[in-house]
Structures are given as structure tokens and as C-alpha cells.
Amino acid sequence: MDQQDLHLTSAAFGPTARRPLSRRRLLGLGGGLAAGLGLAPLLSACGADDTASTASIGSSGGTLTMGINATPDTLDPGATGLALTLLISFALFDPLVYWLPDGKGGSAFHPGLAESWTISPDASVYTFKLRKGVTFHDGTAFTAAAVKATYDHVVDPKTKSKSGLGALGPYKETKILDDYTVQIVFTAPNASFLHQQAAGNFGISSPAALTKYGPTGFGNNPVGTGPFTFDSYQAGSQLTLLKNPKYTWGPKALGDGPAKLDKLIFRIVTDDSGRYNALQSGQLQIAMNLPPNNISAAQKSGKYQQLLVPSIGTPLGMPINVAKPPTDDPLVRQAILYAIDQDAMVKGVLYDVYKPAHNVLTPITPGFSESASKLYSHDPDKAAALLDQAGWSVGEGGTRTKNGQKLNLDIILFSGGGLELPTQFVVSELQKVGFSASTNVQPFATAQASFNSGAHNLGSFGYYGADPYLLNIWVNSNAIESGFNWSHYDNPGVDKMIAKANATAADAARDGLYQQVGTKLMQDSMFLPLWDVAGAFTMSPKVKSLHQTLNGYLAFHSATVG
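In the working numbering, each number is its position in the sequence shown, counted from 1, plus 747.
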């Protein structure tokens, strides 16, 4: 299983985040820059510092080929569970509202297929005034009927939505008020929705195409309103998109008028070395998610540009099972967090490509708490003192014992998740303070069953998201036995606080609640964060005018290659 095949977003879960879900969004090897990269076309040259610079405008026309590291599960944004498909969907579909970096370290909403919108005071009803004069790639006119058809498609059981269904939260219905006014109604307050609908799962689809191809056939025949149209897909090989010459309704933040490229190709190259070799030979202009050693080599060569697109979500890290000895003892869990030097791990194992993490949320995620990130620093002496306090004495060979039992941790990883080498570093750090550990790498389905049953002390996890409500996915007490609460963290008070946050329409108050949640989770030492998630793109200097999103993706509206 490759890395991208394991990317999860908060949209990947069912309406209440309480059912078993697809593997398709759990994060593989990723990382992130600090928040604050702007919305202007951004590319930072390999070998330079992390400050992104505005790329010059290249010539229009031509073909841009990007090497991707997984096969799309479907081309239907409403059905997919794969982050990669959402990256592609930004080229094919428009959402009602775009949510993008603002160039000042924050973010802003921009009109998409909706010219304006209002939200009820309790955040349960969203009303959108729609743009006129828009046509789908098949010639169908865009009206409110298309919005209703799109959302009806996502909730249709025949669609078997892996991500979109969960992103809808407490969805009730879509009401057509007139041809260009539509309401999306929820059974309860759902403050995360405006963020969620912009993440890619709800690109508005042609109602004619949905009817023609059906709930499952649409995934092979995607029809949206975006800057590129679907041309062909060679299974396991490549996806070809063509310029949509009629595209004039895109957000100004991403460019003006039709796409500059004539053709956009996504070539599937799952082998990491093959993807890097294809970039070096000129077969690719962009290689996605190369491993850190290849990114480092590209940086040292000085021949390539490197863009890391930070994402909202949960860092790559290790859920700590709070229900299984010895990690059922908070002192032992705190010792684990003090024992690990994330900065040294990123530098020594990840070639200093990514940013170390010290929180349950990434820095650009609304509700991120700076103070929570400072609760644990690398302090092996403090870790040793906590283990002494917990009654674990240093024994033969440096391994601690208590009542004749060794201080041993069972570590389970899912294969292809990118944590194998970092886990070796973690184990080495833990051994320095008296832990022993055994590591078992399992196929994802097997590992998920192991995590749900609680067979582990440390697992592997990470999350691309669109809203801090993603915490509900892997923290909710009801997601222990069949969901993604692999920490087995059962705290109804935290469950209620997350629900309260999602029912709070005011951004400042809502962010404050999530900051409280994040602080509580770190205080309870139920997760070991390692590094922040991000999309990594290594590219030819000929590539210009790419834009980033808030989800680790790229937008190709204004991209050029020349």
C-alpha cells in the first residue's frame, strides 16, 4: 500500500463518525510548513529557505504532467475516500464556496458557484445565491437543481460515499427556493459545513450526467464546471484532462478566465524511485509526495522547485492506548511524550524536510492552541522521573521493571503508512529512558482490527481535514470499537465539548472551544505527535503560477509550463 492510498480526511467518516470506514484517507508520509504561505502563486526553490516567493508568469498552452503515487479510487468527488481524488477534483469541479489561504497567514472564503451566502444564527441552515451563466462540461446549465442533485447523490446509499457523507454531518435536505437560490438544511447546528463543502467532496456535478451514468458510473465519467474537462483515463496508467475554454466563473483568487494549460495529465507512478527518475528525465514536470531522501537530493541538486502545502488536520503520529497496560497509567504516557525529540527525528530521519509536531492539530487548523504545543518538551530526565514515580525501576540492561514485568510497549503500524523508519527512532528514544518495545507492521485491514481491539500500546495515525471537527472522528468515545479512536480514549466530557464547538456559529468562540479540547487531549497524553502533514510537490523550474489550498492540494487554474 502506498502513502497516498492511506490519506484520510474528516470527510471520510459517516454522519455520526461511529461506523467502520474506508482506509482511504489515513495519512502516509507527510509533513508541513508553518502557516502563513499566501494565496499568490507559490513556489520555493530547492536549496533556498522556506520562504515562498511569487512565481513569474509562464507562457500559456502546453501540457503539464504530474506524477502521482496512487491510483484514484474513483473520479467522483462525492464518492471518493482518497485525498488524491480531491486534488484532481479541484481541476474538474467548482464548489459553491472556495476557502483559501489569504496571503496573510490566515484564510478567506471566496465566491465559487455561489455569489453569496447566509447562515442561520444556529448554523443549521445555509442559503446560497447562485451564479448565473455557468454551464457544465456537457452543456447542461447550472441551476439550483444541480446543487440538489449533487447532495442527493452523496447521501444516496447506492453512491457508497466514503468521505462526503461524513462531511455533511447532521444533513437533512437540500431545498430549491428558486432556480438560483438553494438552502442546505441540517437537523442540528453544523458550524463546520462551510469549511467542509469547500474541501473538494462537494464539487457540483452535472445533474444530467448523474442521471445518465448513475450513482456508480459517474465515477468513470465525471462532469463538472471546473477549469478542466475529463478526456480519458487509462486505468493504472494516467488521467488526461483538457482545458475548458468556456471557464470564466472561477474565483479571482485563483486566476482570471480559462486555464492557461491546454492539457493536464496525472500519471500514476506508484514506485517512489520511478517517480523521481521520471522527473529527472523530463517525463514529469511535477512529482508528488517523494520520500524525504529524494526531496533532499532534489534540494541539493539545485535543479528543482519544492513546494510543501500545509494541511488542516492531525499530525502524523502515534495514538497511545490509554486502556492497555502500561500506557493505561498517565505517568507512563507523559513519560513517552517527554522522551521523544521530534526535532531530532525530523532532522535525522526525515532529512529536515518537514516540521516537527507537538499538538493534536496542525498549526493552520482553526482552534490550534499554541499553549498546548508547549506542554511537552524533550526532557528525558523528566521522563525518567515520571517512570520512577510510577514505580518502574531500572533493571538489567537498562530496561525498567515493576512487579517482575518489563516496561514493554506493543507497537503496531499499518504497512505503507510511512512510519516505519520514524518508529525506529521513537523506539531508540524510549529505550534511553527504560522502555523496551516490539514493533509489528500489518496490512491496513489487519492493523485496523488490532487497533480497534486494543492490541497495541502505540499505533500510527494522521489526518488531512477541512475543519477541527475532524477531532470527533478519532476522539469520540463511540469510535473505539469500530471507528478511528485508536487511543481508546473514553471521555464523554470531551465528546460534549466537540459537539458544542460544532454547534457554535461564532468563529472566535468556536475556536476557543477547540483550543480547550486540544489542550485537554495533550494534557491527557493520548497521542504522540511527530510531524505536521502536508502535500509535497517537487517540480521543474518551468512550472509557474500554481496555487495552494488549505488541504495539502494544488490548484491548476493559472498554472503554466514553459
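Here a beta-carbon is modelled for each residue, glycine too, at the ideal position from N, C-alpha and C.
Considering only Ile1033, Ile1111 and Lys919, the residue with the shortest C-alpha distance to Pro1288 is Ile1033. Cα atoms of Ser1048 and Gly1004: separation of roughly 36 Å, rounded to the nearest angstrom. For Ser1183, the pairing in a beta bridge is given by DSSP as Asn1155.
For Leu860, no alpha helix (DSSP H) segment is defined, and its DSSP state is neither H nor E. In this structure, Val1264 is the residue among Ala891, Thr1251, Val1264 and Ser1229 with its C-alpha nearest to the C-alpha of Asp1242.
Counting only the Cα atoms, Ile1158 lies some 6 Å from Asn1187.
Beta bridge pairing from DSSP links Lys990 with Phe975.
In terms of CA proximity to Thr1112, Tyr1216 leads the group Phe1208, Gly1165, Tyr1216 and Val970.
Annotated as distal: Pro917 and Thr906, with beta-carbon spacing of 8 Å or more. Nearest to Gln1081 by C-alpha distance, out of Ala1213, Met1092 and Ala1131, is Ala1131. When the Cα atoms are used, Lys993 and Ala893 turn out to be separated by approximately 18 Å. In this chain, Leu1108 is not harboured by any alpha helix (DSSP H), its DSSP state being neither H nor E. Restricting attention to Pro848, Val844 and Leu1054, the CA atom closest to the CA of Ile866 is found in Val844.
At a cut-off of 4 residues, the continuous stretches assigned as alpha helix (DSSP H) that sit fully inside the region 1065-1101 are 1077-1086 and 1089-1095. For Asp1090, the CB contacts under 6 Å within the same chain, skipping 5 residues up- and downstream, are Pro1103 in chain order. Counting only runs of 4 or more residues that sit fully inside the region 841-894, no alpha helix (DSSP H) segment turns up. The straight-line gap separating the alpha-carbon atoms of Tyr1123 and Asp823 is approximately 42 Å.
Between Thr928 and Leu1156, the alpha-carbon positions lie close to 57 Å from each other. Judged by DSSP secondary structure, Gly1282 falls outside any alpha helix (DSSP H) and instead within the beta strand (DSSP E) spanning Ala1281 to Met1286.
Ranked by Cα distance from Phe1161, the options Glu1176, Leu1301 and Leu1063 are led by Leu1063. CA-CA distance, Phe1274 to Asn1068, rounds to 8 Å. Remark: three or more beta-carbon pairs, one from each stretch, lie closer than 8 Å, so the region 1191-1206 and the region 1222-1238 are flagged as touching. If you draw a straight line from the Cα of Phe977 to the Cα of Asp1009, it is about 12 Å long.
Proximity to His942 across Ser1272, His1304, Pro848 and Leu811 peaks at Pro848, based on C-alpha coordinates.
Contact annotation, Ile1015 with Thr818: C-beta distance approximately 5 Å; criterion of less than 8 Å satisfied. The continuous beta strand (DSSP E) containing Leu1277 extends over residues Phe1274 to Trp1278. Within the region 988-1048, complete alpha helix (DSSP H) segments of at least 4 residues are found at 1019-1027 and 1039-1048, given in chain order. The beta carbon of Val881 is closer than 6 Å to those of Phe889, Thr972 and Trp996 in its chain, skipping five residues each way along the sequence. About 6 Å separates the beta carbon of Thr827 from that of Lys909, a gap short enough to meet the 8 Å contact definition. Here the alpha carbon of Tyr1300 sits roughly 6 Å from the alpha carbon of Gly1282. Sixteen is the threshold: since fewer than 16 other Cβ atoms of the shown chains lie within 10 Å of the Cβ of Gly853, the residue is exposed. Here the C-alpha atom of Leu811 lies approximately 31 Å from the C-alpha atom of Val901.
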